[in-house]
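Asks: Pasting a structure here, questions to come.
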Amino acid sequence: MTTKQVWLEEKKREKVLKNPKSVQKKAFFGYNTVAEDEKTQHVLHHFNSVARWYDFMNTLLSFGIHYLWKKTAVNMMHLKSGDLVIDVCGGTADLAVLAARKIGPEGRVVVYDINKAMMDYGRKKRSVSNFGKRISFLLGNAENITFSDNTFDAAMIGFGIRNVTRMERGFEEMHRVLKPGGTLMCLEFSKPVSPVFRWLYDFYSFSIMPYLGQLIAGSKKAYTHLPESIRTFPLPDKLSESLRKIGFCNVTYRRLTNGIAVVHLGVKKQM
Ligand SMILES: C[S@@+](CC[C@H](N)C(=O)[O-])C[C@H]1O[C@@H](n2cnc3c(N)ncnc32)[C@H](O)[C@@H]1O
Numbered sequence: 002m003t004t005k006q007v008w009l010e011e012k013k014r015e016k017v018l019k020n021p022k023s024v025q026k027k028a029f030f031g032y033n034t035v036a037e038d039e040k041t042q043h044v045l046h047h048f049n050s051v052a053r054w055y056d057f058m059n060t061l062l063s064f065g066i067h068y069l070w071k072k073t074a075v076n077m078m079h080l081k082s083g084d085l086v087i088d089v090c091g092g093t094a095d096l097a098v099l100a101a102r103k104i105g106p107e108g109r110v111v112v113y114d115i116n117k118a119m120m121d122y123g124r125k126k127r128s129v130s131n132f133g134k135r136i137s138f139l140l141g142n143a144e145n146i147t148f149s150d151n152t153f154d155a156a157m158i159g160f161g162i163r164n165v166t167r168m169e170r171g172f173e174e175m176h177r178v179l180k181p182g183g184t185l186m187c188l189e190f191s192k193p194v195s196p197v198f199r200w201l202y203d204f205y206s207f208s209i210m211p212y213l214g215q216l217i218a219g220s221k222k223a224y225t226h227l228p229e230s231i232r233t234f235p236l237p238d239k240l241s242e243s244l245r246k247i248g249f250c251n252v253t254y255r256r257l258t259n260g261i262a263v264v265h266l267g268v269k270k271q272m
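So this is what it looks like as structure tokens:
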């Protein structure tokens, strides 16, 4: 063992002193790891660079199917008139717009996201929606939701939890702000079940998607990160297990399009 491997370099030592966690803990960012405390900055930068093209690319890359997934996921929540809903990592507000239709004139949806640029595109959608008045936007981190305990009837998160540095912490926060008996819905990408379909999906994800990302959104990197982050995310049974550990009951999931996307549902236990 060389001295270099035993003794930290001066710069690194200073970093440990200033912020011990940043050197010790790592988080996945695609296939790479970054210091846990820096992941949010990477995620912010990532979505700043794609915000303008985010909706268009989603529609193009999924052949429009993402919209059906979102519609199915919101339907599965069985929202009621007057419900108060939080859309965590709500971005450009697709789920919020769908939920707003379901909650009647007394209901409200809060889009909660760390990225202003993403929400600005969501605000444009709100202005053309018949139910836009029911939607509001709030800037904030999913790991520290700025609402009191037991506030919401439902919490939803679509394609967002993958980006949250401490996933469990994000779910714990959603659990905290839900009223007892409130519903959690998580829509996220996952692993297709059929091997043949999976092979096609992998080929598409790594050989086509990044090039379309470069061609249209000007970022090959962002659209390489996307398939990578999907492949480092827990599979449906593992995710269900985490949700139960956090305190959700009645945890179920449903695969969509052979498992490319999965909807998890859970309920916060009644007191
Ligand atoms: C893939 S987009 C999903 C947007 C939208 N929910 C949808 O289904 O199209 C992920 C969103 O999560 C947001 N995000 C990532 N990490 C976050 C965090 N820690 N707290 C709040 N929002 C976060 C990003 O800014 C981005 O808008």
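First residue of the sequence shown? That's 2 in our numbering, and the numbers climb one at a time after it. Glycine residues also receive a C-beta, built at the ideal position from the N, C-alpha and C atoms.
1) Starting from N49, trace the alpha helix (DSSP H) in both directions and tell me its first and last residue.
2) Which runs of the alpha helix (DSSP H) fall wholly inside the stretch 86-114 and span at least 4 residues, in chain order?
3) DSSP puts A28 in a beta bridge; with which residues?
4) According to the neighbour-count rule (16 or more other Cβ atoms, all chains shown, within 10 Å of its Cβ), is A262 buried or exposed?
5) Which residue comes first and which comes last in the beta strand (DSSP E) that contains K126?
6) Hey, could you find the ends of the alpha helix (DSSP H) A223 is sitting in?
7) Between I115 and ligand 1, is the CB less than 6 Å from at least one heavy atom?
8) Are there any heavy atoms of ligand 1 lying less than 6 Å away from the beta-carbon of V178, as far as the coordinates show?
9) Taking only three categories from DSSP, how would you classify N251?
10) Within its chain, find whatever has a CB closer than 8 Å to the CB of M58; leave out the 5 residues flanking it on each side and keep chain order.
11) With a CB to CB cut of under 7 Å and the five nearest residues on each side skipped, what residues in its chain are close to E169?
12) Just grab the DSSP bridge partners of E189 for me.
13) Where does the unbroken beta strand (DSSP E) through D84 begin, and where does it stop?
14) Based on the DSSP secondary-structure assignment, which residues constitute the bridge partners of G214?
15) Within 10 angstroms of the Cβ of S1, are there 16 or more other Cβ atoms? Answer buried if so, exposed if not.
16) Relative to the C-alpha of T60, which candidate in D203, C250, M210 and H46 has its C-alpha closest?
17) Would C90 and A156 be called neighbours here (beta carbons separated by less than 7 Å)?
18) Ligand 1 and G65: does the residue's C-beta get closer than 6 Å to at least one heavy atom of that ligand?
19) So the candidates are D38, V264 and G133; which of them puts its Cα closest to the Cα of K72?
20) Pick helix, strand or coil for M175, following the three-state DSSP scheme.
21) Closest to C187 by C-alpha separation, out of V75, N49 and D56, would be which residue?
22) Please confirm whether any heavy atom of ligand 1 lies closer than 6 Å to the CB of C187.
23) Give me the Cα-Cα distance between F207 and P228, rounded to the nearest whole angstrom.
24) What is the residue span of the alpha helix (DSSP H) that I66 lies within?
25) DSSP state of T258, grouped into three classes?
26) How far does the beta strand (DSSP E) with L236 in it extend, from its first residue to its last?
27) Which two residues bound the contiguous alpha helix (DSSP H) that contains F198?
28) Specify the secondary structure class of T184 as computed by DSSP and reduced to three states.
29) Compute the distance between the beta-carbons of D154 and T93, then report whether it is under 7 Å.
Replies: With the structure as the only source:
1) As a first step, residue 49 must be located in the sequence shown, where it is residue number 48. It spans K40 to V51 - the alpha helix (DSSP H) in which N49 sits, taken as one unbroken run.
2) 95-101
3) Reading the sequence shown from its first residue, position 27 is the one you call residue 28. DSSP, once it has assigned bridges, lists V35 as partnering A28.
4) Residue 262 sits at position 261 when you count from the first residue of the sequence shown. Flag for A262 reads buried.
5) Working through the sequence shown from its first residue, we reach residue 126 at position 125. First-last for K126: K117 to V129, but that is the alpha helix (DSSP H), not the beta strand (DSSP E).
6) Numbered from 1 along the sequence shown, position 222 holds the residue referred to as residue 223. Unbroken alpha helix (DSSP H) run through A223: A223 to R232.
7) As a first step, residue 115 is located in the sequence shown; it is residue number 114 there, counting from the start. Yes, Cβ of I115 sits closer than 6 Å to a heavy atom of ligand 1.
8) Counted from its first residue, the sequence shown places residue 178 at position 177. False, no ligand heavy atom lies under 6 Å from that Cβ.
9) Reading the sequence shown from its first residue, position 250 is the one you call residue 251. It is a strand residue.
10) Your numbering for residue 58 matches position 57 in the sequence shown. Closer than 8 Å at Cβ, skipping near neighbours: V51, L213, G214, I217, A218 and Y224.
11) Within the sequence shown, the letter at position 168 stands for residue 169. Closer than 7 Å at Cβ, skipping near neighbours: S243 and I247.
12) Within the sequence shown, the letter at position 188 stands for residue 189. In the DSSP output, where bridge partners are listed per residue, E189 has V263.
13) Counting from one through the sequence shown, the residue named residue 84 turns up at place 83. Here D84 belongs to no beta strand (DSSP E), and DSSP marks it neither H nor E.
14) Residue mapping note: residue 214 aligns to position 213 of the sequence shown, counting from 1. None, per the DSSP bridge assignment.
15) Outside the shown range of the chain, which is 2 to 272, sits residue 1, and nothing can be said about it.
16) For this step, residue 60 is matched to residue 59 along the sequence shown. Closest option to T60, Cα to Cα, is M210.
17) Locating residue 90 in the sequence shown gives position 89, where the first residue counts as 1. Locating residue 156 in the sequence shown gives position 155, where the first residue counts as 1. For C90 and A156, no; Cβs fall outside 7 Å.
18) Here residue 65 refers to the residue found at position 64 of the sequence shown. No.
19) For the purposes of this step, residue 72 is taken as the residue at position 71 of the sequence shown. With distances taken between Cα atoms, K72 lies closest to V264.
20) Counting from one through the sequence shown, the residue named residue 175 turns up at place 174. DSSP places M175 in helix when its eight states are reduced to three.
21) If you number the sequence shown from 1, residue 187 lands on position 186. Selected option, being the one with the closest Cα: V75.
22) Taking the sequence shown and counting its residues from 1, the one referred to as residue 187 is at position 186. Checking the Cβ of C187 against ligand 1 gives no.
23) Here residue 207 refers to the residue found at position 206 when the sequence shown is read from its first residue. Here residue 228 refers to the residue found at position 227 when the sequence shown is read from its first residue. Spanning the two alpha carbons is a distance of roughly 7 Å.
24) Here residue 66 refers to the residue found at position 65 of the sequence shown. Start and end: I66 to M77.
25) Position 257 of the sequence shown, counted from the start, is the residue given in the question as residue 258. Looking at T258 - three-state DSSP - the assignment turns out to be helix.
26) Along the sequence shown, one-based indexing puts residue 236 at 235. Note, L236: premise wrong, no beta strand (DSSP E); not H, not E.
27) In the sequence shown, the residue the question calls residue 198 occupies position 197. That run of the alpha helix (DSSP H) goes P196 to F204.
28) Position 183 of the sequence shown, counted from the start, is the residue given in the question as residue 184. T184 falls in the strand class under three-state DSSP.
29) The residue given as residue 154 occupies position 153 in the sequence shown. The residue given as residue 93 occupies position 92 in the sequence shown. No, the pair does not count as a contact, with Cβ atoms beyond the cut-off.
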